[in-house]
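What follows is one structure encoded as structure tokens, with my remarks underneath.
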Amino acid sequence: MQGSQVCGSDATKPFMNLASLLARAAQTTPDTPALALGYTVIATYAEHAEHSARLAGALTGIPELTPGDRVAIAMKNAPEYSEIMFGAWHAGLAAVPMNARLHPREFAYILENSGAKICFVSEDMAAGIADAAKDVPTLEHIVIAGSARYREMLSAEPVAIADVHADDLAWLFYTSGTTGRPKGAMLTHKNLRAMNDAYFANVDDIQSRDCVIHAAPYSHGSGLYMLPHVERGACQVVPASSGFDPDEIFDLLTVWKGSTFFFAPTMVTRLINAPGLAAADTSNLKTIVYGGAPMYAEDCLKALDLLGPKLVQIYGQGESPMTITALSRAVHMDRDHPHYHDRLASVGPAQKGVEVRIADEDDNDLPLGEIGEILVRGDVVMKGYWQNPEASAASLRGGWLHTGDMGALDGAGFLTLKDRSKDVIISGGSNVYPREVEEVLLRHNGVLECSVIGRPHPDWGEEIVAFVVPKAGADVREVELDALCLEHIARFKRPKAYRMIDALPKNNYGKVLKTDLRELAE
Numbered sequence: 001m002q003g004s005q006v007c008g009s010d011a012t013k014p015f016m017n018l019a020s021l022l023a024r025a026a027q028t029t030p031d032t033p034a035l036a037l038g039y040t041v042i043a044t045y046a047e048h049a050e051h052s053a054r055l056a057g058a059l060t061g062i063p064e065l066t067p068g069d070r071v072a073i074a075m076k077n078a079p080e081y082s083e084i085m086f087g088a089w090h091a092g093l094a095a096v097p098m099n100a101r102l103h104p105r106e107f108a109y110i111l112e113n114s115g116a117k118i119c120f121v122s123e124d125m126a127a128g129i130a131d132a133a134k135d136v137p138t139l140e141h142i143v144i145a146g147s148a149r150y151r152e153m154l155s156a157e158p159v160a161i162a163d164v165h166a167d168d169l170a171w172l173f174y175t176s177g178t179t180g181r182p183k184g185a186m187l188t189h190k191n192l193r194a195m196n197d198a199y200f201a202n203v204d205d206i207q208s209r210d211c212v213i214h215a216a217p218y219s220h221g222s223g224l225y226m227l228p229h230v231e232r233g234a235c236q237v238v239p240a241s242s243g244f245d246p247d248e249i250f251d252l253l254t255v256w257k258g259s260t261f262f263f264a265p266t267m268v269t270r271l272i273n274a275p276g277l278a279a280a281d282t283s284n285l286k287t288i289v290y291g292g293a294p295m296y297a298e299d300c301l302k303a304l305d306l307l308g309p310k311l312v313q314i315y316g317q318g319e320s321p322m323t324i325t326a327l328s329r330a331v332h333m334d335r336d337h338p339h340y341h342d343r344l345a346s347v348g349p350a351q352k353g354v355e356v357r358i359a360d361e362d363d364n365d366l367p368l369g370e371i372g373e374i375l376v377r378g379d380v381v382m383k384g385y386w387q388n389p390e391a392s393a394a395s396l397r398g399g400w401l402h403t404g405d406m407g408a409l410d411g412a413g414f415l416t417l418k419d420r421s422k423d424v425i426i427s428g429g430s431n432v433y434p435r436e437v438e439e440v441l442l443r444h445n446g447v448l449e450c451s452v453i454g455r456p457h458p459d460w461g462e463e464i465v466a467f468v469v470p471k472a473g474a475d476v477r478e479v480e481l482d483a484l485c486l487e488h489i490a491r492f493k494r495p496k497a498y499r500m501i502d503a504l505p506k507n508n509y510g511k512v513l514k515t516d517l518r519e520l521a522e
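By our numbering, the letter at position 53 of the sequence shown is numbered 53, and the numbering carries on one by one without gaps.
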């Protein structure tokens, strides 16, 4: 596809297969715990590597599968997830992780679009995937993780790690598809190695005694972060619930030292507002990496007060996995800096190996401080969209990833997000950025969450509507919210209507569905 997609590499030369990360960890720390369920170690690194090598042997023995084919995964979080991912890479195949909470029609679309010939599933999802696959003729094998067939595959003869090239597909990452059909971002072996390098340079260090607890879906950011943890020989822990429950998290922290989580900001908010936090021992909590949506400054300050120096923010997209900018632990704690609050409201400077610029609608650079579209370039940027050359050309034009996000850079290189371009409200000819209004509303002690959208207006083009989720038992009055807005932002940015609701609609990754809110507003 576009020549800029594998930056500066010779795609004809052999490249280190991601499966080598596991093989190296098994060689250097063979007896270190690699996979765990709840409190129980399921496999050491030597065992994890052997299982993945044998699974690769079984996959290469399936006649229908050839190098580069896609291996779909429709599973809740489970220790087998990592075995399957590394087994696929070991065999020279590409993984297609799918969110376990998708609708059957969404599963069917991804299975058909990716051309996957085999799909690994959780037992409780097998029937649904089989039903979804009725209209997917390319899918020939459905394997339940942990089943007799799966155990039989683990008894196959191991094979050598397949040779790959830098731009060979490793992970087909389907976007959440909040508008239209999801697109498959093609992440290569080189992309994900660049992501790892950026993690160690800008996000956190990892020791073999550490762990990552996968309370967020393996199919998304948490699964991507298994890679740096495997590279350093750290344990991957799956909660017994397979998901996020604050009380379960507190219990796991009593056992697992050096614990890292990847959380959506809403998960951080739930954690710091959980009744059990007051009695919890969080000394084993090492790092919470948060991203995927804005973290409001008030929530961030509260989390820092309650948890200490444990927060790191990343800004990335499926198209530039987990790697555009990062707001470090040190910046989070530097409260004496003269621009501390501005920096806390930002997403930090560019990560290692990434260039960021702000451009107008014609891709011309904008001066510092001016708001425009965020463009990104670097080895971490996707190869393109699967079987969608038109979308690839539009998104990667000029050799830069066009994120669709709006933002501004300051003189120190800190990037502040201003919302998706489609979420900017134009009222009376002026741009209103929802996050700016939301930050003000969250200053009210009774507001748990909020989201601001634009509603069509015959005179002004759009008017501002705020959806507010009050804290339990709180009395939130519109006149108080109005007063806050008039105290902190221009009058034209003040919401013209407030809607009190029990919860904000969110997708499977915790992002607020503003399209749903617009429908409610109308």
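The C-beta atom is built at its ideal place from N, Cα and C for all residues, glycine as well.
Minimum C-alpha distance to residue i - residue among the options
i    : options                   : result
V469 : I142, D251 and R477       : R477
T282 : T254, T266, Y174 and P67  : T254
K496 : D197, P265, E487 and R455 : R455
A133 : F244, R149, G146 and R105 : R105
A330 : H339, Q317, L311 and R209 : L311
M153 : F120, N507, E436 and R494 : F120
A501 : I84, P182, D360 and E449  : According to the sequence shown, residue 501 is Ile rather than Ala. Comparing Cα positions, the closest option is E449.
L484 : R443, H339, S241 and A466 : R443
A279 : D247, K76 and M406        : D247
A130 : T44, N113 and A108        : A108
T287 : G184, S259 and K302       : S259
Q387 : E112, A26, N77 and Y81    : E112
L426 : Y340, W460 and T138       : Reading off the sequence shown, one finds Ile at residue 426, where the question assumed Leu. Of Y340, W460 and T138, the residue nearest in Cα terms is W460.
L520 : S241, L486, F492 and V452 : V452
S114 : S122, M125, D124 and M98  : M98
P309 : Y315, G316, M333 and Y290 : M333
E298 : L55, A145 and G446        : G446
S82  : T515, V465, G146 and T403 : G146
A126 : L59, H141 and A116        : H141
D363 : G384, L22 and L396        : L396
V289 : R270, L301, Y199 and D251 : Y199
Y315 : L285, Y340 and S346       : S346
Span of the beta strand (DSSP E), counted from its first residue to its last, around residue i
i    : result
F467 : G461 to P470
R455 : V447 to H457
F261 : S259 to F263
L327 : S320 to L327
S114 : No beta strand (DSSP E) holds S114; the alpha helix (DSSP H) holding it covers P104 to S114.
Y315 : L311 to Q317
L401 : L401 to L409
L520 : Taken as a continuous stretch (DSSP letters only), L520 belongs to no beta strand (DSSP E), being part of the alpha helix (DSSP H) at K514 to A521.
V289 : L285 to Y290
P97  : A94 to M98
First and last residue of the uninterrupted alpha helix (DSSP H) at residue i
i    : result
F86  : E80 to H90
D299 : A297 to L307
R151 : A148 to M153
V479 : E478 to H488
T32  : Looking at the DSSP string, T32 is not in any alpha helix (DSSP H), and its letter there is neither H nor E.
E588 : An answer regarding residue 588 cannot be provided, because it is not within the stretch 1 to 522 covered by the chain.
G128 : A126 to A132
D340 : Reading the sequence as shown, one finds Tyr at residue 340 and not Asp. Here the alpha helix (DSSP H) through Y340 covers Y340 to L344.
I249 : P246 to L252
R499 : Where R499 is concerned, there is no enclosing alpha helix (DSSP H), although the beta strand (DSSP E) it sits in stretches over A497 to M500.
CB contact below 8 Å: residue i versus chain B
i    : result
I288 : Chain labels in this structure do not include chain B; a single protein chain is all it has.
Anticipated Cβ contact below 8 Å, residue i with residue j, distance rounded
i    : j    : result
G57  : V159 : 4 Å
F262 : G221 : 5 Å
V424 : M406 : 6 Å
V96  : I73  : 7 Å
L409 : L375 : The Cβ separation is near 11 Å, so there is no contact.
V437 : I358 : In fact, because the Cβ distance is near 22 Å, the residues do not count as touching under 8 Å.
K183 : A391 : 6 Å
I272 : A303 : 5 Å
A88  : L59  : 7 Å
S242 : A503 : So it is not a contact: roughly 22 Å between Cβ atoms.
Segments assigned alpha helix (DSSP H), at least 4 residues, entirely inside the segment 169-239: 189-198, 221-224 and 226-231
Touch test, the segment 344-358 against the segment 320-333, Cβ-Cβ under 8 Å, three pairs minimum: yes
The segment 366-373 in contact with the segment 292-310 per 3-pair CB rule at 8 Å: no
Segment contact, 8 Å Cβ cut-off, at least three pairs: the segment 66-80 with the segment 88-106: yes
Cβ contact (3+ pairs, closer than 8 Å) linking the segment 263-271 and the segment 502-518: yes
Whole runs of the beta strand (DSSP E) within the segment 42-79, excluding any shorter than 3 residues: 70-74
The segment 232-242 contacting the segment 23-38, beta-carbon criterion three pairs below 8 Å: yes
Inter-stretch contact (C-beta, 8 Å, three-pair minimum) for the segment 208-218 and the segment 167-176: no
The segment 192-206 in contact with the segment 219-230 per 3-pair CB rule at 8 Å: yes
Complete beta strand (DSSP E) runs within the segment 353-377 (minimum length 3 residues, chain order): 354-359
The segment 186-195 touching the segment 376-386, judged by at least three CB pairs closer than 8 Å: yes
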